[in-house]
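Step one of this worksheet: look at the structure below.
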Amino acid sequence: MLRYKLFLVAIACTLTLTGGAVAGEDQPATIPPPAPANARTAEILAQVLPTCPGYLAAANGDYDRVIADTSRALTADPNHIEARFLRAWAYYWKDDYDRAIADVSEVIRHQPMNAAAYMLRAETCYDKADFFQAIDDYTRVIQIDAKNGRGYTGRATCYTQIGEIGRAIAECRKALKLDPRNVEALLVRADAYWRKRSHTLALNDLDQVVRAHPKNVPAIVLRAMVRFGQRNFDQALADANEAARIDPSWEPFIVGLRGVIHLAKGDTAKGLVQCAGYFLGNAKNLKFQYQRNEHSITLGVGAGNGPAPKDHHKIIAECTARIDKNSDDLPAHFVRARAYHGKEEYDR
Numbered sequence: 015m016l017r018y019k020l021f022l023v024a025i026a027c028t029l030t031l032t033g034g035a036v037a038g039e040d041q042p043a044t045i046p047p048p049a050p051a052n053a054r055t056a057e058i059l060a061q062v063l064p065t066c067p068g069y070l071a072a073a074n075g076d077y078d079r080v081i082a083d084t085s086r087a088l089t090a091d092p093n094h095i096e097a098r099f100l101r102a103w104a105y106y107w108k109d110d111y112d113r114a115i116a117d118v119s120e121v122i123r124h125q126p127m128n129a130a131a132y133m134l135r136a137e138t139c140y141d142k143a144d145f146f147q148a149i150d151d152y153t154r155v156i157q158i159d160a161k162n163g164r165g166y167t168g169r170a171t172c173y174t175q176i177g178e179i180g181r182a183i184a185e186c187r188k189a190l191k192l193d194p195r196n197v198e199a200l201l202v203r204a205d206a207y208w209r210k211r212s213h214t215l216a217l218n219d220l221d222q223v224v225r226a227h228p229k230n231v232p233a234i235v236l237r238a239m240v241r242f243g244q245r246n247f248d249q250a251l252a253d254a255n256e257a258a259r260i261d262p263s264w265e266p267f268i269v270g271l272r273g274v275i276h277l278a279k280g281d282t283a284k285g286l287v288q289c290a291g292y293f294l295g296n297a298k299n300l301k302f303q304y305q306r307n308e309h310s311i312t313l314g315v316g317a318g319n320g321p322a323p324k325d326h327h328k329i330i331a332e333c334t335a336r337i338d339k340n341s342d343d344l345p346a347h348f349v350r351a352r353a354y355h356g357k358e359e360y361d362r
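Numbering (our numbering), first residue to last: 15 to 362.
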């Protein structure tokens with residue numbers, strides 16, 4: 015059965031890699047490694063030495079080369095833990111989650127107090143929607159390092175996905191106690207508040223993020239959705255348009271968001287045009303990146319070209335149940351509309 019979810023996770027990673035010469039036969043020791051592709055790459059590379067096979071390829075974002083280099087090293091020495099950790103991360107980056115988990119679990123077997131390895135496995139399990147295992151691994155991160163804010167926010171995102179909204183909010187508070195400016199904690203808590211229809215509290219967190227980071231697109235998009243829930247349609251449209259202006263890659267989702275807002279405003283013509291654009295735009299599980307720092311950000315619904323005809327009634331029933339609990343559940347509205355379209359119930 016097709017599953018439709020709303021994921022909203024945006025990570026603000028502050029670690030950067032500095033200095034360090036690369037030693038090797040073909041690389042003079044006086045030449046520093048290239049700047050890592052992004053902050054998450056920097057954090058991962060901080061766990062290994064510059065002499066580790068695959069290091070330069072990782073810094074350049076060449077994950078196929080990372081896998082090739084580390085695999086050769088592991089053939090020569092199966093206990094090369096740095097190489098195995100780096101290969102696990104490369105598999106994760108390529109969405110090859112089973113191989114990533116196999117490698118990082120081997121790292122954990124050798125190094126049971128390696129918080130970075132538990133973090134990588136937690137993130138991989140989260141992306142596989144294995145939320146309970148992810149919670150266990152985030153908990154191990156916290157047990158090893160009680161001041162690791164990402165352990166708390168990671169656990170919060172999992173609680174959100176399994177419907178334990180109160181626990182998600184509590185985890186975010188723990189992270190914010192460590193760092194009141196923790197962007198991830200503010201976003202995850204805002205998402206949790208939105209899900210429980212505490213719109214004012216959600217806006218407080220989102221406004222704080224946007225003031226500090228005016229180009230944080232996930233925050234702006236979620237704020238549009240919160241404002242839609244408040245029936246503040248003009249400001250919701252303004253936020254949606256601003257998000258698309260900052261990062262056009264969000265346009266496929268925002269087209270649908272605009273459509274729902276126009277329909278709610280009573281502008282049926284504009285709303286139908288926008289919604290048609292969304293559904294005709296091959297709305298696969300819309301997967302957007304926020305600097306690809308830690309997690310993928312998925313803010314969207316659907317799979318492939320839509321459910322098979324026999325699944326339409328199931329999809330409609332599931333979405334209706336979600337809408338009954340939260341009338342502002344935009345992804346459920348989108349999916350149900352798409353299922354009605356598949357049944358040729360165009361008015362609905």
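Backbone N, C-alpha and C define an ideal beta-carbon position, used for all residues, glycine too.
Boundaries (first-last residue) of the alpha helix (DSSP H) holding residue i
i: Leu262; result: Just to set this straight, residue 262 is Pro in the shown sequence, not Leu. Per DSSP, Pro262 belongs to no alpha helix (DSSP H) and is neither H nor E.
i: Tyr152; result: 145-158
i: Ala60; result: Ala60 -> no alpha helix (DSSP H), and no H or E assigned at all.
i: Glu175; result: Checking the sequence, you will find Gln at residue 175 rather than Glu. Where Gln175 is concerned, the enclosing alpha helix (DSSP H) stretches over 163-175.
i: Met133; result: 129-141
i: Glu96; result: 95-107
i: Pro232; result: 231-243
i: Tyr69; result: 69-73
i: Gly280; result: Neither: Gly280 is in no alpha helix (DSSP H) and is coded neither H nor E.
i: Ser119; result: 111-124
i: Thr334; result: 326-339
i: Thr84; result: 77-90
i: His227; result: That residue, His227, is in no alpha helix (DSSP H); it is neither H nor E in DSSP.
i: Arg209; result: 197-209
Residue i classed as buried or exposed, judged by whether at least 16 other C-beta atoms fall within 10 angstroms
i: Val36; result: With a pLDDT of 30 at Val36, under the threshold of 50, the modelled position of that residue is not reliable, and no figure is offered here.
i: Thr65; result: exposed
i: Glu198; result: buried
i: Arg350; result: buried
i: Ala331; result: exposed
i: Gly180; result: exposed
i: His213; result: buried
i: Gly316; result: Because Gly316 sits at a pLDDT of 32, beneath the cut-off of 50, its placement in the model cannot be relied upon, and the point is left open.
i: His124; result: exposed
i: Asp112; result: exposed
i: His347; result: buried
i: Thr334; result: exposed
i: Asn93; result: exposed
i: Tyr173; result: buried
i: Arg352; result: buried
i: Gly68; result: buried
i: Arg169; result: buried
i: Gly280; result: exposed
Beta-carbon separation (whole angstroms), residue i vs residue j, contact threshold 8 Å
i: Phe145; j: Ile176; result: 5 Å
i: Val202; j: Thr167; result: 5 Å
i: Met133; j: Val155; result: 5 Å
i: Ala254; j: Leu271; result: 5 Å
i: Thr84; j: Ile115; result: At roughly 16 Å, the Cβ-Cβ gap does not stay under 8 Å, so Thr84 and Ile115 are not in contact.
i: Asn340; j: Arg209; result: 7 Å
i: Ala216; j: Ala204; result: 4 Å
i: Leu192; j: Gly163; result: 5 Å
i: Val231; j: Trp264; result: 6 Å
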